[in-house]
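Asks: First residue of the sequence shown: 1059, per the working numbering; consecutive thereafter.
We put the beta carbon where it would ideally sit given N, CA and C, even for glycine.
Predicted model, so just to flag it, every value in this text is computed and none were measured.
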Amino acid sequence: MAKDEDSPAAVAKAREEERLRLRAEIFGVVQGVGYRMFAQREATRLGLSGFVRNCEDGSVETVAEGPRRALEQYVDRLRAGPLGAEVRDLRVEWGPAQGSFQGFHIRD
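#1: If you follow the alpha helix (DSSP H) that Phe1096 is in, where does it begin and where does it stop?
#2: Per DSSP, which one or two residues make a beta bridge with Phe1159?
#3: Tell me whether Asp1134 sits in a helix, a strand or coil according to DSSP, three-state version.
#4: Can you give me the Cβ contacts of Arg1149 inside the same chain, cut-off strictly under 6 Å, excluding the 5 residues immediately before and after it?
#5: Is the separation between the beta-carbon of Leu1104 and that of Ala1155 shorter than 7 Å?
#6: According to DSSP, is Leu1129 helix, strand or coil?
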């Protein structure tokens, strides 16, 4: 007999709650439009830890850790961006959480 933790619902729930690390690069009109503040606010609302920063090439980079479901929501919000931003491309890399962040911060 299968255990409750092996049921499809339990497996799906465990997958949603799995802690991961996300690294995203956002390209387009994303500097000078409040994008970092937007990303920090959205990450904080979702209970994520990590950072966001401007890059020399005009893109924005963010690294965040948290539950898979919250990170997926964060990616959706990053793709939309704040008013005035125009996201042309968003590249995402996934990996295991490392637990190296406390809070979510804007870096220079």
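Replies: Straight from the coordinates:
#1: 1093-1103
#2: Phe1159 pairs with nothing; no bridge assigned.
#3: helix
#4: Glu1083
#5: no
#6: helix
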